[in-house]
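Q: Below is the structure I would like to discuss, written out as structure tokens.
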Amino acid sequence: MLLELQDVHFHYAEPGANKTALNGIDLTVNEGDFTALIGPSGSGKSTLLLHLNGLLRPAAGHVLYTGCDIHAKGYDLRRVRRNVGLLFQFAEANFFGQTVCEDVSYAPWNHGLRGRALDQAVIQALEMVGLPPSVKARSPFSLSGGEKRKVALAGVLAMEPRVLLLDEPTAGLDPGTRENFLYLLKDLNRQGIAIVIVSHDLDEVAAVARQAVVLKAGRVLAKGTVREVLTSPDMENWDLEPPEAVWLGKLLGLKHNGMPVLSEAEAVSSILARGK
Amino acid sequence: MFKDFRLGQYMPGNSFIHKLDPGTKLWGTAVLVALVFFPGSWVGLLAAGLLLMGIIVLTGVPLKHYLSSAKALWPIFLFTLVINSLTFPGKILFRLGPIVLSSAGVYAGLFMALRLALAVLVTAAFTFTTSPVDLTDRLESMFRPLARLGFPGHEVALMMTIAIRFVPTIMEEGDRLVKALQARGAELGRGGPLKRARGFMPLLIPLLIGAFRRADDLALAMEVRCYRGGDGRTRYREMRLTPSDYMSLVLSTCLFLVVLGARLFGG
Chain Z
33 MLLELQDVHF
43 HYAEPGANKT
53 ALNGIDLTVN
63 EGDFTALIGP
73 SGSGKSTLLL
83 HLNGLLRPAA
93 GHVLYTGCDI
103 HAKGYDLRRV
113 RRNVGLLFQF
123 AEANFFGQTV
133 CEDVSYAPWN
143 HGLRGRALDQ
153 AVIQALEMVG
163 LPPSVKARSP
173 FSLSGGEKRK
183 VALAGVLAME
193 PRVLLLDEPT
203 AGLDPGTREN
213 FLYLLKDLNR
223 QGIAIVIVSH
233 DLDEVAAVAR
243 QAVVLKAGRV
253 LAKGTVREVL
263 TSPDMENWDL
273 EPPEAVWLGK
283 LLGLKHNGMP
293 VLSEAEAVSS
303 ILARGK
Chain G
11 MFKDFRLGQY
21 MPGNSFIHKL
31 DPGTKLWGTA
41 VLVALVFFPG
51 SWVGLLAAGL
61 LLMGIIVLTG
71 VPLKHYLSSA
81 KALWPIFLFT
91 LVINSLTFPG
101 KILFRLGPIV
111 LSSAGVYAGL
121 FMALRLALAV
131 LVTAAFTFTT
141 SPVDLTDRLE
151 SMFRPLARLG
161 FPGHEVALMM
171 TIAIRFVPTI
181 MEEGDRLVKA
191 LQARGAELGR
201 GGPLKRARGF
211 MPLLIPLLIG
221 AFRRADDLAL
231 AMEVRCYRGG
241 DGRTRYREMR
251 LTPSDYMSLV
261 LSTCLFLVVL
271 GARLFGG
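As they're listed, the protein sequences go chains Z and G. Per our numbering, residue 33 is the first one in the first sequence, and the count goes up by one each step. Per our numbering, residue 11 is the first one in the second sequence, and the count goes up by one each step.
Right under this line is the structure:
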């Protein structure tokens, strides 16, 4: 088990009253997982993500990384930050370097890499996101939207994390770039990086994730495989709209290997099989 | 880190101070600041502090928000204390080469730092209880007589309001950027002063870019909603002074005259 949240509570201090953001969350992230956190706006998804990286400290409960409480006295939080990378929503808004190289090398530099090792880490990270080494010398502000997002991701991958946390990573990207980015995430997961993604786009979740966790008002309402969650009859009670393929599958009673269909491809193959 | 900084934020409420006209509060704030800076003795400063405490209680805003406002500016207080301590002549307490620490300097430094802290609390009491929209309206009407002299009262009032309005936004943005840097292994706020200052450098560029982008977006949003300056604009809500305002204005003016008289003729 890589990451574990045990009965985590958190609230934001607001004038007049505290706003509860997380209310007794239990969650585990294992090696190779691709988990999606879904739920309506304000359900606590992004707050949960910040806890997994140790950026927020729970008011009650524990956050464990490889079995150790990351907020225990004497624990070095840098260990978590290095192994659990976090890509913020619209992360390209955080660029500060004059060159891509300067920006991407920020994290490995903070973790003590220098000289050739640092250079190698930058090139490798750019390679992982499919950008050529020549982009290193360019200003990150001059890149296209998709390239900027990839550079931001490279800045996280340069730490060689074991877990990648992504807060709406495809927000604001055009459909082609979005497809490309999702393919990249699947590829990173295949390479062994566990991924936790926050997304409002359930078609996207159906396409990439294997596990899903439903959050509402700071509580976990359901968790299971993506198919179990997205095809559940309780989706409406959770204030979630199922993906179109799931909706169509329910309407037409379509099955894929005896289970409700999850994607357009499964719906099409089910319809074709019926025809035969 | 940045989100705890509440100076400049309006906190809606229903207190006596909240209900006062922004112009009354502005005058009251000026009087209180004068009250803090006029006295030359600790007794005078203590009296100003006690009056301020009473006003803080009347605002109904939790004390912790005032304290966090003052806490956020501690480097300025410290700087004041250090500069005064090292530059005032007097009985020498400590000497290290050219650096001389005098007892009169420490006294003056503490006095000035406390004055600044109280002035910050006065300003906080004003911004916590005054909505930026109300403030603009009142400022604009106060600047109106100057329009004959070519003073762009409406524009100045709007600029001031937008500046105040953007303080919490920039703070939130700063907080988000700090988290983004920490997620990438930055250890902000650790090490010596130089290391700390250097650690915050990567914040400046995205913060500035974000501020310019927001300013641009705001200008566009105002234009598409047909904003064309203050000429010919009417008010949805006309502001009128209430008996509480008149009472507060009289009281604060009397207080100002007493303090001014004491300062000028009291020696």
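Using N, Cα and C, we set each Cβ at its ideal position, and we do this for glycine too.
(1) Please work out which residues of its chain come closer than 7 Å, Cβ to Cβ, to serine 231(Z), disregarding the five sequence neighbours upstream and downstream, and give them in chain order.
(2) Checking contacts by CB at 9 Å: is leucine 82(Z) closer than that to chain G?
(3) Leaving aside the five residues before and after leucine 228(G) along the sequence, list all residues of the same chain whose C-beta is less than 8 Å from its C-beta, in chain order.
(4) Is it true that the stretch 97-111 of chain Z meets the stretch 254-274 of chain Z, where meeting means three or more beta-carbon pairs spaced less than 8 Å apart?
(5) Residues in the stretch 139-171 of chain Z with C-beta within 7 Å of chain G's C-beta atoms, listed in sequence order?
(6) When you check each C-beta in the stretch 105-118 of chain Z against every C-beta of chain G, which residues fall closer than 9 Å?
(7) Whose Cβ in chain G lies nearer than 8 Å to the Cβ of glycine 187(Z)?
(8) Could you check if lysine 189(G) is buried or exposed, using at least 16 other CB atoms within 10 Å of its CB as the buried criterion?
(9) Return the CA-CA distance between glycine 281(Z) and methionine 291(Z), expressed in angstroms with no decimal places.
(10) For histidine 164(G), does the three-state DSSP call read helix, strand or coil?
(11) Spell out the partners DSSP gives alanine 226(Z) in its beta bridges.
(12) Do leucine 283(Z) and serine 302(Z) count as a contact pair if the criterion is CB distance below 9 Å?
(13) When you compare only the Cα positions, how much space is there between serine 113(G) and glycine 100(G)?
(14) Are any of the Cβ atoms in chain G nearer than 9 Å to that of leucine 220(Z)?
(15) Does glycine 129(Z) get closer than 9 Å to chain G when you measure Cβ to Cβ?
(16) For the stretch 193-210 of chain Z and the stretch 140-158 of chain Z, state whether three or more C-beta atom pairs, one from each stretch, are separated by less than 8 Å.
(17) Alpha carbons only, please: which of Arg223(G), Gln192(G) and Gly220(G) is nearest the one belonging to glycine 209(G)?
(18) Just tell me which of Arg148(Z), Leu35(Z), Ala305(Z) and Glu268(Z) has its CA closest to the CA of glutamate 63(Z).
(19) Quick one, are the C-beta atoms of glycine 115(G) and threonine 140(G) less than 9 Å apart?
(20) Can the beta-carbon of proline 193(Z) be found less than 9 Å from the beta-carbon of isoleucine 229(Z)?
(21) Here's a check: name, in chain order, each residue in its chain whose Cβ is nearer than 7 Å to the Cβ of alanine 167(G), leaving out the five neighbours to either side.
(22) If you follow the beta strand (DSSP E) that arginine 243(G) is in, where does it begin and where does it stop?
(23) In this structure, does DSSP put valine 136(Z) in helix, strand or coil?
(24) Counting only beta-carbon separations shorter than 9 Å, does methionine 267(Z) have a partner in chain G?
(25) Between the alpha carbons of alanine 241(Z) and aspartate 65(Z), how many angstroms are there, rounded?
(26) Can you tell which of Asp241(G), Met63(G) and Val41(G) has the C-alpha that lies nearest to the C-alpha of proline 162(G)?
(27) Let me know the alpha helix (DSSP H) ranges lying completely inside the stretch 119-193 of chain G, each 4 residues or longer, listed in chain order.
(28) Using a Cβ-Cβ distance cut-off of 9 Å, determine whether phenylalanine 173(Z) contacts chain G.
(29) Going by the beta-carbon positions, is the gap between leucine 187(G) and tryptophan 37(G) smaller than 9 Å?
(30) Alpha carbons only, please: which of Gly56(Z), Ala249(Z) and Ala123(Z) is nearest the one belonging to proline 216(G)?
(31) Note down, in chain order, every chain Z residue with its Cβ under 8 Å from the Cβ of lysine 189(G).
(32) Mind listing which residues of the stretch 207-218 of chain G have their C-beta closer than 7 Å to chain Z's C-betas, in chain order?
(33) If you draw a straight line from the alpha carbon of leucine 204(G) to that of alanine 254(Z), how long is it in whole angstroms?
(34) Classify cysteine 236(G): buried if its beta carbon has 16 or more other beta carbons within 10 angstroms, exposed otherwise.
(35) Does DSSP put cysteine 236(G) in a helix, in a strand, or in coil?
A: Walking through what the data contain:
(1) Taking the first sequence and counting its residues from 1, one reaches residue 231(Z) at position 199. So the qualifying residues of the chain are Ala68, Ile70, Glu200 and Val237.
(2) Indexing the first sequence from 1 puts residue 82(Z) at position 50. Yes, leucine 82(Z) counts as interfacial toward chain G.
(3) The sequence position of residue 228(G) within the second sequence is 218, counting from 1. Counting only Cβ-Cβ distances below 8 Å, and skipping sequence neighbours, we find Ile172.
(4) Pairwise C-beta distances place the stretch 97-111 of chain Z out of contact with the stretch 254-274 of chain Z, as fewer than three of them are shorter than 8 Å.
(5) Result list: Ala139, Asn142 and His143.
(6) Leu109, Arg110, Arg113, Arg114, Val116, Gly117 and Leu118
(7) Locating residue 187(Z) in the first sequence gives position 155, where the first residue counts as 1. Chain G residues near glycine 187(Z): Arg194.
(8) In the second sequence, residue 189(G) corresponds to position 179, counting from 1. With 16 or more other Cβ atoms within 10 Å, it is buried.
(9) Mapped onto the first sequence, residue 281(Z) falls at position 249. Mapped onto the first sequence, residue 291(Z) falls at position 259. Cα to Cα, the separation comes out at about 10 Å.
(10) Within the second sequence, the letter at position 154 stands for residue 164(G). DSSP places histidine 164(G) in helix when its eight states are reduced to three.
(11) Within the first sequence, residue 226(Z) is the residue found at index 194, counting from 1. Val195(Z).
(12) As a working note, residue 302(Z) is residue 270 in the first sequence. As a working note, residue 283(Z) is residue 251 in the first sequence. Contact: no.
(13) Position 103 of the second sequence holds residue 113(G). Position 90 of the second sequence holds residue 100(G). Those two C-alpha atoms are separated by around 6 Å.
(14) The residue labelled residue 220(Z) in the question sits at position 188 within the first sequence. Closer than 9 Å: no.
(15) As a first step, residue 129(Z) is located in the first sequence; it is residue number 97 there, counting from the start. Output row for glycine 129(Z): interface = yes.
(16) no
(17) Within the second sequence, numbered from 1, the residue matching residue 209(G) stands at position 199. Measuring from the Cα of glycine 209(G), the nearest candidate turns out to be Gln192(G).
(18) Translated into positions along the first sequence, residue 63(Z) becomes position 31. Among Arg148(Z), Leu35(Z), Ala305(Z) and Glu268(Z), the Cα nearest to that of glutamate 63(Z) is on Leu35(Z).
(19) The count along the second sequence starts at 1 and reaches residue 115(G) at position 105. The count along the second sequence starts at 1 and reaches residue 140(G) at position 130. Going by C-beta atoms, glycine 115(G) is not nearer than 9 Å to threonine 140(G).
(20) As a position in the first sequence, residue 193(Z) is number 161, starting the count at 1. As a position in the first sequence, residue 229(Z) is number 197, starting the count at 1. It is not a contact, given that the beta carbons lie outside the stated cut-off.
(21) In the second sequence, residue 167(G) corresponds to position 157, counting from 1. Leaving aside the five residues that flank alanine 167(G) on each side, the residues in its chain whose CB is nearer than 7 Å to its CB run, in chain order, Thr146, Leu149, Glu150 and Phe153.
(22) Working through the second sequence from its first residue, we reach residue 243(G) at position 233. Unbroken run through arginine 243(G): none, as it is neither H nor E.
(23) Residue 136(Z) sits at position 104 when you count from the first residue of the first sequence. Three-state result, valine 136(Z): helix.
(24) Start at 1 with the first residue of the first sequence, and residue 267(Z) comes out as number 235. No - not a single Cβ of chain G is within 9 Å of the one on methionine 267(Z).
(25) Residue numbering aside, residue 241(Z) sits at position 209 when the first sequence is read from its first letter. Residue numbering aside, residue 65(Z) sits at position 33 when the first sequence is read from its first letter. A direct Cα-Cα distance of roughly 8 Å separates alanine 241(Z) from aspartate 65(Z).
(26) Stepping through the second sequence from its first residue, residue 162(G) is reached at position 152. Ranking the options by Cα distance to proline 162(G), first place goes to Asp241(G).
(27) 142-153 and 163-193
(28) What you label residue 173(Z) is simply residue 141 of the first sequence in a count that begins at 1. Yes, phenylalanine 173(Z) counts as interfacial toward chain G.
(29) Numbered from 1 along the second sequence, position 177 holds the residue referred to as residue 187(G). Numbered from 1 along the second sequence, position 27 holds the residue referred to as residue 37(G). Going by C-beta atoms, leucine 187(G) is not nearer than 9 Å to tryptophan 37(G).
(30) Residue numbering aside, residue 216(G) sits at position 206 when the second sequence is read from its first letter. Selected option, being the one with the closest Cα: Ala123(Z).
(31) In the second sequence, the residue the question calls residue 189(G) occupies position 179. Under a criterion of Cβ atoms nearer than 8 Å, the residues of chain Z adjacent to lysine 189(G) are, in order, Leu82, Leu87 and Phe120.
(32) Pro212, Ile215 and Pro216
(33) In the second sequence, counting from the first residue as 1, residue 204(G) sits at position 194. In the first sequence, counting from the first residue as 1, residue 254(Z) sits at position 222. Between leucine 204(G) and alanine 254(Z), the C-alpha separation is close to 49 Å.
(34) To locate residue 236(G), count along the second sequence from 1; it is residue 226. Cysteine 236(G) is classed as exposed because its beta carbon has fewer than 16 other beta carbons within 10 Å across all chains shown.
(35) Stepping through the second sequence from its first residue, residue 236(G) is reached at position 226. It is coil, neither helix nor strand.
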